[in-house]
Amino acid sequence: MVPKKDVLLEVKDLRIEGYSDEQWIEIVHGVDLTLHKGEVLGLIGESGAGKSTIGLAAMGFARDGCRISGGSIEFDGMELTTTPEGDLRALRGSRIAYVAQSAAASFNPAHRIIDQHTEAPIQYRIQKRVEAQEDAMELYHRLRLPNPDEIGFRYPHQVSGGQLQRAMTAMAMACRPDLIIFDEPTTALDVTTQIEVLAAIRDIVDQFNTAAIYITHDLAVVAQMADTIKVLLKGEEVEEAPTEQMLDAPSEDYTKSLWAVRSFKRPQKERPAEADSIPIVSVKNVDAAYGKIKVLDDVSFDIYPGMTVAVVGESGSGKSTTARCITGLLPPTKGEIQFNGESLPPRYQDRTKDQLRQAQMIYQMADTALNPKIKISEIIGRPAQFYRGVRGAELKNRVDELLDLIELDPAKFYNRYPPELSGGQKQRVGIARALAADPSFIICDEVTSALDQLVAEGILKLLDKLQKDFNLAYMFITHDLATVRSIADEVVVMQRGKVVEQGAKDEMFTPPHHPYTDLLLSSVPEMDPNWLTTLLEERGTDSIGEAANV
Amino acid sequence: MSTFVIGYYALLIGASCLAAYFKKRQLFLLIFSLTLISFVTGIVGGVGALRFITVAAGLLALAAGVSYAFREFLIIIASDGIAKELRTAPLTAAFGMFVIFTYAIAGTFAPIIAPFGEAEVISSAFAPADENMLLGADQLGRDMFSRLIYGARNTVGLALVATSLAFILGALTGLLAATKGGWFDQLMGRVADVIMSVPSLIFALLMLSIFGTSLFVIVIIVALIYSPRVFRLTRAVAGNVVVMDYIEAAKLRGEGNWYLIRREILPNSTAPLVAEFGLEFCFVFLLIAGLSFLGLGIQPPTADWGSMVRENATLISFGELTPLIPAAAIALLTVSVNFVVDWMLFRSSGLKEV
């Protein structure tokens, strides 16, 4: 047992209430949490489980519209629930620091990074400006940021997302806090960038023996970072155990279901013999540019009916731009898109209603893809009405049928508006809208990346079922290789606007690979808690930065 | 010391003690500071000043009471969805709605409410108020009160028509500019700039002296002057909506511009537009009243608040407040509309956070 004096943070029976519909509703129902000096605790759960709320409460802070209604939070002998706001403020930033999910949104774009970094130490009179700046550069060195002596003097928009996230970790370290709260620090990053940030965070937490609470929904990530893991569900603790034990032998059913999420897999379908069939969509030597900047360079691939082609790559590799070329939003500068062997007009305005109907799209962010002021029935019904002229009772039947297909109860959802739905339900409505047009080809643009793993798995299963029922062809844009492994038949790997490798899925996942494919594949976190250590040793610690910049 | 003064202080001090006893901090501070102020004003202004404070406080309490009752009334008669929104309305907004409601009634039922005709001469010029005439007669011997009632119909009605036209013009071009973009957007934007660069009153005076002062011309000109503001707001609001994925989805479906505007963009930009409507209404109203005051607006013998102020202006040198009554009517409506608009603005900004 660790002696009692080493306990840094002790939360007992924490209850938090949120204000909605003109009343206070309890959202965290009595969570206990103990953190020793230098220990890293992983908090995982689906969205809405109260992870972030508990993380913030560890700083004695409740978001607007939330309040801490019961329990105690003891930080190093101080009871935070009764400490006056002024003292809490002195504590935050100096002894407890916070690293937010999106560094790009959390840095002030109008100030240089180093000025934001040194603000806290100067404010708390720990260091003078010059010392604080030297210390910042020292931290940038340790976090292996490129040009550590100069990077601080840039503005946030001048550095990449992964670098910004590391700069933010450095900023959290500025006052050498006893506790750092990481709130999904790598969720918004590509797998290749994620590794750099994970390695950097782990090193620096080790070096300064800082305690940390690491909040994430990605099990594989938390396995690399945490000493103990606590699983949360709807504001309640499911179980807590040391990392190894939790991974090897989870005791609760819910935890097991989380672990099993990535098990969804279906057999790979083979491409029909070339002679007797034509691809439904064929991208032929397409170049595209935004203004003068060339973003696609000689991209070609085919999609056959009833098959799923996954297009993978980091952000900026041209995946979504290819989709924009196919839909006609961005006319290609060279090459052409063929549909069932016929050439499509480059601009969507020039395409016929039937050509538009055949190719539908499902978007990444269901929040922005559904008009919040239109009822579900109209969102789904409109394509049927628009393309087929279906009206009245027939239209209602069609909508009910579609709602059944996406496994939502028509009686319940017919008259609702999108903001009343959960993320997974919204995405299902997005799928129904695409289906309503009776398409033969659907572009799925990162459809599961904004969803929790359990919900995402449900969506993937639904898409798979629909594909079988309607013989649909999917172009599946994603950066998540686990998704590719479960749903794809063929894979196209893109990097900087070029196709670097393509072929059948099983072929792609067995070596030898193109070096870039190899980098992508090896960067996907695995459940093994030693995965990161082993990987870094294999790659050689110093080469992480360069490896990602291949 | 009269009984009034003794009663006055006794009431205030008693109320502040009660507030303090029941720990109503804000109420106590309010009442007790009023007591302290009354000491000073009582010494300086005598009993008259204290009476004035009493009357003002009474009126304020009356207005608050009416607003509260009116809000509760609306909540009961409205449907569930609207009632929920109404519960969030502050008292000021309820007061505003009450005043607007009263004006609407006065305007709609003017011929029934007004005791005399709009242009009916019933007495000598500037006759003082008696049991026939609530507010006395104007410069031609017409009943001031009746003209005030008819004025509500004419001035407010005209302003409403002009504002609506300005809105239809501005919102339509704004939505089209945001949807189509390109040269149409540029052209409309520059036209709006040109109109806005000319001071509105001078522009109106110029146009009215060219085209004459018929009601039709006034409406068109006022609408033209105010449409660029609506255009700019609509374009900005719609500009934030057209970049959303659901608009892209609708475009890829092959929907036409009219459907995009009507079903996709408009429902997402109504809140700021409604708030802007209230605000613009005040400006239009003031401009029309101003034009009438200058003699270029609504022409006699039609009753109109702006021209009523001008026609009776001479009375003010005799210490009469009559000419200020139509002015007060204008002021009250403007303030009321703004109260309601403030609430709507607060709501529309609050909704965005959810």
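Protein sequences, first through last, are from chains A and G.
Residue numbering for the first sequence is 70 to 619, as defined by the working numbering.
Residue numbering for the second sequence is -15 to 338, as defined by the working numbering.
Using N, Cα and C, we set each Cβ at its ideal position, and we do this for glycine too.
Nothing here was measured: the structure is a model prediction, and the numbers come from that model.
Check distances from the C-beta atoms of the stretch 410 to 431 of chain A to those of chain G and list, in chain order, the residues that come in under 7 Å.
Y417, K422, L425, M430
Hey, does G:Y230 have any beta-carbon neighbour from chain A nearer than 8 Å?
So yes, G:Y230 belongs to the interface.
Shorter than 8 Å from the beta carbon of G:E104 to some beta carbon of chain A?
no
Which residues of chain G have a Cβ atom closer than 8 Å to the Cβ of A:P401, listed in chain order?
Ordered by position in chain G, no residue passes the 8 Å Cβ test against A:P401, which lies about 16 Å from the chain.
How many angstroms separate the CA atom of G:R137 from the CA atom of A:N177?
53 Å
Run through chain A and tell me which residues come within less than 9 Å of G:P74, C-beta to C-beta.
The premise fails here: G:P74 is roughly 16 Å from chain A at the closest Cβ pair, so nothing lies under 9 Å.
Rounded to the nearest angstrom, what separates G:V83 and G:W327 at their Cα positions?
15 Å
Could you please tell me which residues of the stretch 241 to 256 of chain G, in chain order, have their CB closer than 8 Å to any CB of chain A?
Cβ contacts with chain A: R247, E248, P251, N252.
Drop a sphere of 10 angstroms on the beta-carbon of G:V338, count the other beta-carbons inside from all chains shown, and report buried for 16 or more, exposed for fewer.
In this predicted model, G:V338 has a pLDDT of only 33, less than 50, meaning its place in the structure is not dependable; the value taken from the coordinates is given anyway. It is exposed - the Cβ of G:V338 has fewer than 16 other Cβ atoms within 10 Å.
Within the same chain, show all residues whose beta-carbon is closer than 7 Å to that of A:I273, passing over the 5 residues directly before and after it, in chain order.
R211, L212, T238, M242
In terms of residues, what are the limits of the alpha helix (DSSP H) holding A:K422?
422 to 427
Ignore the nearest five residues each way along the sequence and tell me which others in A:L523's own chain have a CB closer than 8 Å to its CB.
E115, S326, L327, V330
Check the Cβ-Cβ distances between G:L236 and every residue of chain A, and say whether any is below 8 Å.
yes
Report yes if the CB atom of G:K164 is closer than 8 Å to the CB atom of G:N241, and no otherwise.
yes
Counting C-beta neighbours from all protein chains within 10 Å, is the total for G:R71 16 or more, i.e. buried, or is it exposed?
exposed
Within the stretch 459 to 529 of chain A, note down every full alpha helix (DSSP H) run reaching 4 residues or more, in order along the chain.
461 to 474, 479 to 482, 492 to 505
For A:M563 and A:H582, I'd like the C-alpha separation in whole angstroms.
13 Å
Can you have a look at A:Q571 and say buried or exposed, based on whether 16 or more other CB atoms are within 10 angstroms of its CB?
buried
Verify whether the separation of the beta carbon atoms of A:V381 and A:G111 is less than 8 Å.
no
Sort G:S198, G:S181, G:I179, G:F129 by Cα distance to G:L142 and report the nearest one.
G:S198
On the DSSP letters alone, give me the boundaries of the alpha helix (DSSP H) that G:M228 sits inside.
Note, G:M228: premise wrong, no alpha helix (DSSP H); not H, not E.
Short of 8 Å in beta carbon distance, which residues of its chain neighbour G:A259, apart from the five on each side in sequence? Order them along the chain.
V325, M328, L329, S332
My parser needs the alpha helix (DSSP H) runs of 4 or more residues fully inside the stretch 527 to 586 of chain A; what are they?
550 to 556, 574 to 577
Identify which residue in G:N224, G:F110, G:W289 has its Cα closest to the Cα of G:L275.
G:W289
Is the beta carbon of A:A503 closer than 8 Å to that of A:M434?
no
Can you tell me whether G:E102 is buried or exposed? The criterion is at least 16 other CB atoms within 10 Å of its CB, across all chains shown.
buried
Hey, is A:A392's beta-carbon within less than 8 Å of any beta-carbon in chain G?
no
Find out if the Cβ-Cβ distance for the pair A:M294, A:L258 is shorter than 8 Å.
Not closer than 8 Å, so no.
Using only the alpha-carbon positions, how far apart do A:R335 and A:E405 sit?
32 Å
Name the chain G residues whose beta carbon is nearer than 8 Å to that of A:K442?
P251, N252
Residue range of the alpha helix (DSSP H) that A:G111 falls in?
From DSSP, A:G111 is part of no alpha helix (DSSP H) but of the beta strand (DSSP E) over 109 to 113.
Going along the chain, which residues of its own chain have a beta-carbon closer than 7 Å to the beta-carbon of G:F16, five neighbours each way excluded?
S0
Quick one: measure Cβ to Cβ for A:T279 and A:D252, integer angstroms, because I've assumed they're closer than 8 Å.
Rounded, the Cβ-Cβ distance is 16 Å, inconsistent with contact.
Could you tell me whether the Cβ of A:I544 comes closer than 8 Å to any Cβ of chain G?
First, the residue type needs correcting, since residue 544 of chain A is Met and not Ile in the sequence shown. Answer no: the Cβ-Cβ gap between A:M544 and chain G never drops below 8 Å.
At what residues does the beta strand (DSSP E) containing G:K164 begin and finish?
Here G:K164 belongs to no beta strand (DSSP E); instead the alpha helix (DSSP H) covers 141 to 164.
If you measure from the beta carbon of A:P374 to each beta carbon in chain G, is any gap under 8 Å?
Interface criterion not met: the Cβ of A:P374 is under 8 Å from no Cβ in chain G.
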